[in-house]
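Enquirer: Submitted below is the structure of interest, expressed as structure tokens.
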Amino acid sequence: MQRRAGLAVLLTLGLLATACSADDDDSSDAPPVAPTTVSPAGAAPPTTDLATPATVAPTETGEPGFETAGVVTPGVEQLTIVNHTPGTELTLFRAGAPTAVGIVDAYGSLLFRNVEPGPGYSVAAADENVSITHTVLDRTTHPTQAFYAEQRLVPGLNYIEMRDGTTLSANVVLPGAIEDGPYPTVVEYSGYTPADPESVGFKDLFTQLGYAYVGVNMRGTGCSGGSFRYFEYAQSLDGYDVIEAIAAQPWVFENRPGMVGVSYPGISQLFVAQTQPPSLAAITPFSVIDDSYNSTLYPGGLLNTGFAVDWTQDRVDNGRPAIDPEGNIVDEGGQAWAKDQIRAGDTACAENQSLRNQNPDLITEIFESPFYDSAQSNELSPRLFVDKITVPTFVAGAWQDEQTGGRFPTMLDRFTGTDHLYASLMNGLHTDSNGPANFPRWIEFLDLFVAERVPTLDTARLLAPLLAGGIFGTTDFEIPDDRFADMTYDEALAAFEAEPPIRVLFEQGAGNDTARAPVPRFVEAFDAWPIPTTEPTDWWLGQDGRLVDAPESDNGQAAYLALPDGVPATFYEGNSSDIWRTDVTWDWQEPAPGTAATFLSDPLNDTVTMIGSGSADLWVNSNLGDTDLEVTISEVRPDGQEMYIQSGWLRASHRALDDELSTALRPAHTHLESDAEALTGGEGEQDFDLARVEIFPFAHVFRAGSQVRISIDAPGGNRPVWVFETISNGEQVTIGFGGDYPSKIVLPVVPDIEAPVDFPECGALRGQPCRPYTG
Numbered sequence: 007m008q009r010r011a012g013l014a015v016l017l018t019l020g021l022l023a024t025a026c027s028a029d030d031d032d033s034s035d036a037p038p039v040a041p042t043t044v045s046p047a048g049a050a051p052p053t054t055d056l057a058t059p060a061t062v063a064p065t066e067t068g069e070p071g072f073e074t075a076g077v078v079t080p081g082v083e084q085l086t087i088v089n090h091t092p093g094t095e096l097t098l099f100r101a102g103a104p105t106a107v108g109i110v111d112a113y114g115s116l117l118f119r120n121v122e123p124g125p126g127y128s129v130a131a132a133d134e135n136v137s138i139t140h141t142v143l144d145r146t147t148h149p150t151q152a153f154y155a156e157q158r159l160v161p162g163l164n165y166i167e168m169r170d171g172t173t174l175s176a177n178v179v180l181p182g183a184i185e186d187g188p189y190p191t192v193v194e195y196s197g198y199t200p201a202d203p204e205s206v207g208f209k210d211l212f213t214q215l216g217y218a219y220v221g222v223n224m225r226g227t228g229c230s231g232g233s234f235r236y237f238e239y240a241q242s243l244d245g246y247d248v249i250e251a252i253a254a255q256p257w258v259f260e261n262r263p264g265m266v267g268v269s270y271p272g273i274s275q276l277f278v279a280q281t282q283p284p285s286l287a288a289i290t291p292f293s294v295i296d297d298s299y300n301s302t303l304y305p306g307g308l309l310n311t312g313f314a315v316d317w318t319q320d321r322v323d324n325g326r327p328a329i330d331p332e333g334n335i336v337d338e339g340g341q342a343w344a345k346d347q348i349r350a351g352d353t354a355c356a357e358n359q360s361l362r363n364q365n366p367d368l369i370t371e372i373f374e375s376p377f378y379d380s381a382q383s384n385e386l387s388p389r390l391f392v393d394k395i396t397v398p399t400f401v402a403g404a405w406q407d408e409q410t411g412g413r414f415p416t417m418l419d420r421f422t423g424t425d426h427l428y429a430s431l432m433n434g435l436h437t438d439s440n441g442p443a444n445f446p447r448w449i450e451f452l453d454l455f456v457a458e459r460v461p462t463l464d465t466a467r468l469l470a471p472l473l474a475g476g477i478f479g480t481t482d483f484e485i486p487d488d489r490f491a492d493m494t495y496d497e498a499l500a501a502f503e504a505e506p507p508i509r510v511l512f513e514q515g516a517g518n519d520t521a522r523a524p525v526p527r528f529v530e531a532f533d534a535w536p537i538p539t540t541e542p543t544d545w546w547l548g549q550d551g552r553l554v555d556a557p558e559s560d561n562g563q564a565a566y567l568a569l570p571d572g573v574p575a576t577f578y579e580g581n582s583s584d585i586w587r588t589d590v591t592w593d594w595q596e597p598a599p600g601t602a603a604t605f606l607s608d609p610l611n612d613t614v615t616m617i618g619s620g621s622a623d624l625w626v627n628s629n630l631g632d633t634d635l636e637v638t639i640s641e642v643r644p645d646g647q648e649m650y651i652q653s654g655w656l657r658a659s660h661r662a663l664d665d666e667l668s669t670a671l672r673p674a675h676t677h678l679e680s681d682a683e684a685l686t687g688g689e690g691e692q693d694f695d696l697a698r699v700e701i702f703p704f705a706h707v708f709r710a711g712s713q714v715r716i717s718i719d720a721p722g723g724n725r726p727v728w729v730f731e732t733i734s735n736g737e738q739v740t741i742g743f744g745g746d747y748p749s750k751i752v753l754p755v756v757p758d759i760e761a762p763v764d765f766p767e768c769g770a771l772r773g774q775p776c777r778p779y780t781g
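Counting from 7, one number per residue, gives the positions in the sequence shown under my numbering.
Pasting the structure below:
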């Protein structure tokens, strides 16, 4: 009993560390995205047989020149200089022509990024003789398998060598002795603390489930070498090298590891899998993003300073060197566990701090990049490359995710490279993806596609209450019986594959007697996303604040003052992890009078189920020529309570659409600077412009007697943790409707869903607070 209690603490702390908010030390979650200048992605072909490992690029040697003063190492679209004289100005040449200039930092280091691959590069200070040239590596030429096979990893802290010579810290934990292997193996890869030998988290969970666990810190974090930049392609290729090096270990079952992780280490799986490591077995990316710009950092073109910028600042702080140039431990910045390793005599960790001052200023880049730039942002948008993922993939997440945002389902139809895509979608928050409602399917997936064994939930039944008790504050749930107990492995795999791959968990929080327990009331399964039977359904804005089923013939207007402080910035009390618990106290407030335009449908005659994205097609006028719009869907119930469902955002000047990608239910905005345009109507004018606001995906049952409510106001108060840097500052916004300006909201109605007849307790649904409806 004492051991189990100790494990409960470990699992609780570990999940908090892998799925927490941006104000937590060393473990903040889910990335926004600093745009970065990168080259276009290329497909990953089969491994090229190199005569030598790609860590050593071909060189030409001659008379001693610059290299006597430092060490030059080519990487993937990078070239690194270490051990040079601080303050020296160095020039990067190709075929004798200068291409870039930089200053050696106090650690004796300089990193040239975005270097075109190929031969003929040299580096020199003024008046130095240049006689050695280097070949900068490309994305598609991989090391031979011998390069990976020569590396040996043992339990504890290891350093895995990348193709450019950078070493990444990796913590190996086995469920038993090496000689008792091989073991099915999972890899967690992020910039948090997965390689910390003293950390708690997934290693404690998966070793209990019989898996070997390898936690790897990305370059430029923890004890890993190199310089950190948010998901630059070299970091994705590091993931390729990590998977192949781990796969080469004799203790790895079938030499095919899988990947696990929630949020940041979930998103990293998408970036790694696109490089197609040949030994990767499967991935399980939970609580992820589909598009760095649109999902979390600039949803609708509005900068998310409440979570995204804070998260990035934490990454910047964690990426700072743990030691100063003289080798002394620093007080500020760096990761605490790296400092502990250095104090304990880990010279590799100390040496790996030398490039940290080459980390870019991600915060400045964010504020200087308010528009989408395909050259910068395409590679940071998983939706544009998930078609390259060929391995079995299990995605899970929640609509109301207060960190990553819940927009990820919009990319599910783009996973065209794999025949094995599975998804679990639910109402709830950031940690619901690995809550008890989804836990069994997760274990089944890993057992089938990584461990290649008949799934069993015996150990999961012991672990799930320990996990949920710490994260959610309840053990009021049941893990189902083993579904495949009487089957062979092939039969179990065939049965799993035969099931509809998309599962929607409805009304999590009302599935038992404990309000907000992570248990759904019912589950529906579908063959594809978007749901093939979805019917885009129009509700039109009308006179007297009504939503009607047909546009009115006469022009109408509804005006409000855009005051972002009209409601509190967030609507929960306590710290960010309290929001996941069953005893969360919500504080969802009605906007101040005059600060919102609201519209309400008549009571519904029949129950209506909606699953998918929505679009608010609004004709807008602002007396200042621009405004930030927040559109919120809620349900007004016959008992007089109003329940939150979902929101969407748009800066009106970003209203230009990509017509090819846009649908009736999901407007796709370009967010290009060249497409930005002020609203036509200014002060005293009555011209309106159509602005389609994307409503993030959701699933909700509106039962007969309920009313659909649409609220339009300045951003704020309808998404915990998120805060926007808004241009709204008291301007008058007018929404035109009817006649010449037929504003409407288009919602995703899915027929033939058999939902429970009775209403769930108001306030019981996870991520969906209630308040008395005041009109």
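We treat Cβ as the ideally placed atom computed from N, Cα and C, and that holds for glycine. Quantities reported herein were computed from a predicted structural model and do not represent experimental measurements.
Where are the beta strand (DSSP E) runs, 3 residues long or more, that stay fully inside the region 663-717, in chain order?
Expert: 695-708
Enquirer: Answer yes or no: do V637 and I716 have a C-beta to C-beta separation smaller than 9 angstroms?
Expert: Cβ atoms of V637 and I716: closer than 9 angstroms.
Enquirer: Relative to the C-alpha of W545, which residue among E513, A556, G93 and S375 is closest?
Expert: A556
Enquirer: Could you tell me how far apart the beta carbons of F702 and G412 are, in whole angstroms, since I believe they sit closer than 8 angstroms?
Expert: 5 angstroms
Enquirer: Relative to the C-alpha of P80, which residue among P123, T105, L386 and G197 is closest?
Expert: P123
Enquirer: Could you give the uninterrupted runs of the alpha helix (DSSP H) lying entirely in the region 383-469, keeping only those of 4 residues or more?
Expert: List check, alpha helix (DSSP H) in window: 445-452.
Enquirer: Please go through the same chain and pick out, in chain order, the residues whose beta-carbon is closer than 7 angstroms to the beta-carbon of N527, but skip the five residues on each side of it.
Expert: Here residue 527 is Arg; the residue named in the question, Asn, does not match the sequence. So the qualifying residues of the chain are F512, E513, A516, G517, P762 and P766.
Enquirer: Relative to the C-alpha of D665, which residue among M649, T676 and V401 is closest?
Expert: T676
Enquirer: Confirm, please, whether the CB-CB distance from E541 to P754 is below 9 angstroms.
Expert: yes
Enquirer: Would you mind stating whether D464 and D492 have Cβ atoms separated by less than 9 angstroms?
Expert: no
Enquirer: Answer yes or no: do R772 and M432 have a C-beta to C-beta separation smaller than 9 angstroms?
Expert: yes
Enquirer: In this structure, what does DSSP give as the bridge partners for K750?
Expert: W546 and D623
Enquirer: Which residues in the same chain as Q255 place their Cβ atom closer than 6 angstroms to its Cβ, once the five residues preceding and following it in sequence are excluded?
Expert: L159
Enquirer: Express the C-alpha separation of A602 and L569 in angstroms, rounding to a whole number.
Expert: 9 angstroms
Enquirer: List in chain order: all unbroken alpha helix (DSSP H) runs of 4+ residues lying wholly within the region 484-551.
Expert: 495-504
Enquirer: Going by the CB atoms, is the gap between S269 and A402 shorter than 9 angstroms?
Expert: no
Enquirer: Within 10 angstroms of its Cβ, does A565 collect 16 or more other Cβ (buried), or is it exposed?
Expert: exposed
Enquirer: Here's a check: name, in chain order, each residue in its chain whose Cβ is nearer than 7 angstroms to the Cβ of L390, leaving out the five neighbours to either side.
Expert: So the qualifying residues of the chain are N384.
Enquirer: Just to confirm my understanding: we take A106, look at its own chain, exclude 5 residues before and 5 after, and list those with CB closer than 8 angstroms. What are they?
Expert: T97, L98, F118 and V121
Enquirer: For Q409, which of W257, V315, A674 and P778 has the nearest alpha-carbon?
Expert: Closest option to Q409, judged by alpha-carbon separation, among W257, V315, A674 and P778: V315.
Enquirer: What's the gap between the Cα of T302 and the Cα of L308?
Expert: 10 angstroms
Enquirer: Exposed or buried, which one is Q549 when buried takes at least 16 other CB atoms within 10 Å?
Expert: exposed
Enquirer: Let me know if Q692 comes out buried or exposed under the rule of 16 or more other beta-carbons within 10 Å of its beta-carbon.
Expert: exposed
Enquirer: From the DSSP output, in three-state form, read off Q647 for me.
Expert: strand
Enquirer: Just verifying my parser: in three-state terms, what is the DSSP assignment at S205?
Expert: In this structure, S205 counts as coil in the three-state DSSP scheme.
Enquirer: Using the Cβ count rule (16 or more neighbours within 10 Å means buried), how would you classify R349?
Expert: exposed
Enquirer: What are the start and end residues of each continuous alpha helix (DSSP H) run of 4 or more residues lying completely inside the region 228-315, in chain order?
Expert: 239-253 and 270-279
Enquirer: Report, in whole angstroms, the separation of the C-beta atoms of I369 and V322, which I expect to be a contact under 8 angstroms.
Expert: 6 angstroms
Enquirer: On the DSSP letters alone, give me the boundaries of the beta strand (DSSP E) that E782 sits inside.
Expert: For the chain, the structure presents residues 7 to 781; residue 782 sits outside this window and is missing.
Enquirer: Provide the residue span of the alpha helix (DSSP H) that contains C355, from first to last.
Expert: C355 -> alpha helix (DSSP H) spans T353 to E357.
Enquirer: For F72, count the other beta carbons within 10 Å of its own beta carbon; 16 or more makes it buried, fewer makes it exposed. Which is it?
Expert: Because the pLDDT at F72 is just 36, under 50, the model does not fix this residue reliably, and the value given afterwards should be weighed accordingly. Classification of F72: buried, given that the 10 Å Cβ count is 16 or more.
Enquirer: My parser needs the alpha helix (DSSP H) runs of 4 or more residues fully inside the region 132-171; what are they?
Expert: 151-155
Enquirer: Indicate whether the contact test is met: 3 or more Cβ pairs, each with one atom in the region 259-268 and one in the region 192-208, closer than 8 angstroms.
Expert: Yes: at least three Cβ pairs fall under 8 angstroms.
Enquirer: In chain order, what residues of the same chain lie with their CB nearer than 6 angstroms to the CB of P288, ignoring the 5 residues before and after it?
Expert: According to the sequence shown, residue 288 is Ala rather than Pro. For A288, where only same-chain residues beyond five positions count, the Cβ hits under 6 angstroms are G264, V397, P398, F455 and V456.
Enquirer: In the DSSP assignment, what are the bridge partners of W655?
Expert: Under the DSSP definition of a beta bridge, W655 partners with E636.
Enquirer: I need the DSSP call for R362, collapsed to helix, strand or coil.
Expert: helix
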